[in-house]
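Read in order, the letters of the sequence shown correspond to residues 1 to 593 in UniProt numbering.
Below you'll find the structure, written out as structure tokens, and then a few comments.
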Amino acid sequence: VRRPDLRSSTPTQVLGSLRTTTPACTLNVPSEANYTEQLPAGLGARLQEAGVSIPPWRGCPTSTLEKKKRKPQLMEEDESSGALLKPLVFRVDETTPPVVQSVLLERGWNKFDEQEQNAEDWNLYWRTSSFRMTEHINVKPWQQLNHHPGTTKLTRKDCLAKHLKHMRRMYGTSLYQFIPLTFVMPNDYTKFVAEYFQERQMLGTKRSYWICKPAELSRGRGILIFSDFKDFIVDDMYIVQKYISNPLLIGRYKCDLRIYVCVTGFKPLTIYVYQEGLVRFATEKFDLSNLQNNYAHLTNSSINKSGASYEKIKEVIGHGCKWTLSRFFSYLRSWDVDDLLLWKKIHRMVILTILAIAPSVPSAANCFELFGFDILIDDSLKPWLLEVNCSPALTLDCSTDVLKRKLVHDIIDLIYLNGLRNEGREASNATHRNSNIDTAKSDRGGLDAHDCLPYESLSFTSRMYNKDDSVVEKAVSVHPKAAPASQLEGEMSGQEDFHLSTKEMAQSKPKIRSRHTPHKTLMPYASLFQSHSCKTKTSPRVLSDHGKAPDPQAGNFVLVFPFNEATLGASRNGLNVKRIIQELQKLMNKQHS
Ligand code: ADP
């Protein structure tokens, strides 16, 4: 077994290396073992010597016998080096996706047993539904919840529409032009009617298309697409939205993207985007003359997997109804389309969307949120935000879905390494507060602007905690080329600089070649901000070891916010949205010049 050099490594690197090289002694321990016996001789001492301090709450007491004897006062009792090796404990309920449990067991976690264990003896509670405020308030310093309070502002379609409308009013339509025109029923009924008839007049004989969606439902349930006003059924709790009638088609099939986004904290705001995702296809050919055919107009897999064409080998897309995002981008590159430009727009859209709710989300410690952003690309390659899902589906329905296993692994890496980083702050917070919830806007032990670290470091550093030893070199070498200024022209003004018609994409290679150099690597889409600074090669520096800035990457998660020193500062001590928007605009102007 190759042992890491503990002296020259940072704490996180040490942990990462340990996981890679000595799985039995960290997260991957057999579930019923006596963990102290699993310790390689002298490991605890060597970790201490290397300056690695492991939060005492990384593990819970495990033996039932032990528990009968004592209450789990983890903070004091687990300070011994042996506590490092106690297995982490996860808690689930009947709504928890099986893949979560399976990944955690694979990593050596134990499943929480209500009968056998103390009520507080768990480290991570992962379930589909949100947590009650009292559960957030009572969360212990060693525990994590997989939902953040207040995120329905983003995940309910009507709330999302209202928040984005507000942002549009505050910061301009050009920034917030990525959501289709939306009316929230019943309040906006008259506005919608006025818009509908005005458009009808403008279009003359051409038809206009609308989609009506229940504000709270998911999986395509209760959706109606219509063109004629007489087909519109008004209902409470619905939104009516402009139907994007010119979607990018692949082999004549409509598709949308499922982008995974993990917010590890709202105060300070910290956003990661997963560099792999899903492309979900309709299973019947797109046809505007039949708006009732859900298999042609809705891309939800829950609908399409039961369609007659699901199993058939379909033109270009093949069998089933999903691709990975990397396959999609590689398909775009084969048509000389600039996938990096599209990816940057998506990152920006994610930041701008989360910024819309971040100031009003209550502070809460020890929780994170995985969001599923549904994004439709039109035939001019403009991305449109359809909705944001909480608890995005983690079911494994087909071979493409296996990426969700890695996704869960990477979430655990992200959360637990961040937890490690926040050790000092969390510990002192935990001892000085009874409540972890603070509805006031004050920040929770954040940094001052002068604590911030250089931009290059923030956006360039790679981490070494993946199972794959080569990951550092990979992350550095696959950086996309810095985007030429021309690529970004028109992005914010909505003037796309290349157009591929739906027909062309489906049938033949576009005649007008894109001006953009296609990327040669399979996974070229690193963070927008990484590409900006990747010319300056710096030696990897793990800022988080000082407890000062978020990790730039964990597995396939890439930090997209904060993206520079100024936004790091603006996200602390109260979120300064105006300042952040200015920075985004500055960055874009810089790329334009
Ligand atoms: P749900 O929560 O029910 O999945 P979505 O908003 O994601 O609701 O819509 C379901 C599907 O309907 C999407 O995946 C997409 O294929 C289609 N869709 C939704 N809104 C639009 C729109 N404005 N334009 C075109 N297609 C849309």
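In this text, a Cβ means the ideal position worked out from N, Cα and C, and glycines have one as well.
- With a cut-off of 8 Å on Cβ pairs, the segment 210–223 is not in contact with the segment 346–363, counting fewer than three such pairs.
- Ligand 1 has a heavy atom closer than 7 Å to the beta-carbon of TYR243.
- Put simply, the segment 122–134 touches the segment 82–101. At least three CB pairs are less than 8 Å apart.
- A heavy atom of ligand 1 is found nearer than 7 Å to the CB of LEU376.
- Separation of SER326 and GLN201 (C-alpha to C-alpha, rounded to the nearest whole angstrom) is 42 Å.
- Within a 10 Å sphere around the beta-carbon of ARG132 sit fewer than 16 other beta-carbons, which makes this residue exposed.
- Partner residues in the beta bridge of LYS242, as assigned by DSSP, are TRP210.
- Proximity of the segment 272–282 to the segment 554–566 meets the contact definition, three or more beta-carbon pairs being nearer than 8 Å.
- Here ASN589 is exposed, its C-beta having fewer than 16 other C-beta atoms within 10 Å.
- Secondary structure note for ARG200: its alpha helix (DSSP H) is the uninterrupted segment 189–203.
- Under the DSSP assignment, THR182 falls in the beta strand (DSSP E) whose first and last residues are 182–184.
- Taking 8 Å as the upper bound for CB-CB distance, THR283 and CYS255 are not in contact here, some 11 Å apart.
- Under the DSSP assignment, ARG91 falls in the beta strand (DSSP E) whose first and last residues are 89–92.
- With respect to the 8 Å criterion, ILE375 and ILE346 are classified as neighbours on the basis of their beta carbons.
- If you check the CB distance, CYS212 and PHE229 do not come in under 8 Å.
- The C-beta separation of THR400 from LEU278 comes to about 7 Å, placing the pair in contact by the 8 Å criterion.
- Under the DSSP definition of a beta bridge, GLN144 partners with LEU124.
- With a threshold of 7 Å, the Cβ atom of ASN556 does not count as near ligand 1, since no heavy atom of the ligand is closer than that.
- A straight-line Cα-Cα distance of about 21 Å links ARG168 and GLY574.
- For ARG348, the enclosing alpha helix (DSSP H) has its first and last residue at 339–357.
- Sixteen is the threshold: since fewer than 16 other Cβ atoms of the shown chains lie within 10 Å of the Cβ of THR205, the residue is exposed.
- Counting the other Cβ atoms within 10 Å of the Cβ of HIS166 gives fewer than 16, which makes it exposed.
- Per the coordinates, the alpha-carbon of PHE328 lies some 15 Å from the alpha-carbon of PRO247.
- The beta carbons of VAL100 and VAL92 sit about 7 Å from each other, so the pair counts as a contact at 8 Å.
- Annotated as proximal: HIS148 and VAL263, with beta-carbon spacing under 8 Å.
- Look at the segment 273–320 and you find these whole runs of beta strand (DSSP E), each 3 residues long or longer: 278–281.
- Only exposed fits THR173, as fewer than 16 other CB atoms lie within 10 angstroms of its CB.
- A distance below 8 Å separates the beta carbons of ARG156 and GLU216.
- Between ILE250 and VAL316, the C-beta gap is smaller than 8 Å, which places the two residues in contact.
- Set against 7 Å, the gap from the CB of ILE317 to the closest heavy atom of ligand 1 is not smaller.
- Set against 7 Å, the gap from the CB of GLY220 to the closest heavy atom of ligand 1 is smaller.
- Put simply, of GLU106, ARG107, TRP109 and VAL139 the residue whose alpha carbon is nearest the alpha carbon of ALA119 is VAL139.
- The Cβ atoms of THR324 and GLN241 do not sit closer than 8 Å to each other.
- Going by beta carbons, LEU257 and ILE377 fall inside the 8 Å limit.
- Distance from SER301 to ASP397 at the Cβ level is roughly 7 Å; contact confirmed, criterion being Cβ atoms closer than 8 Å.
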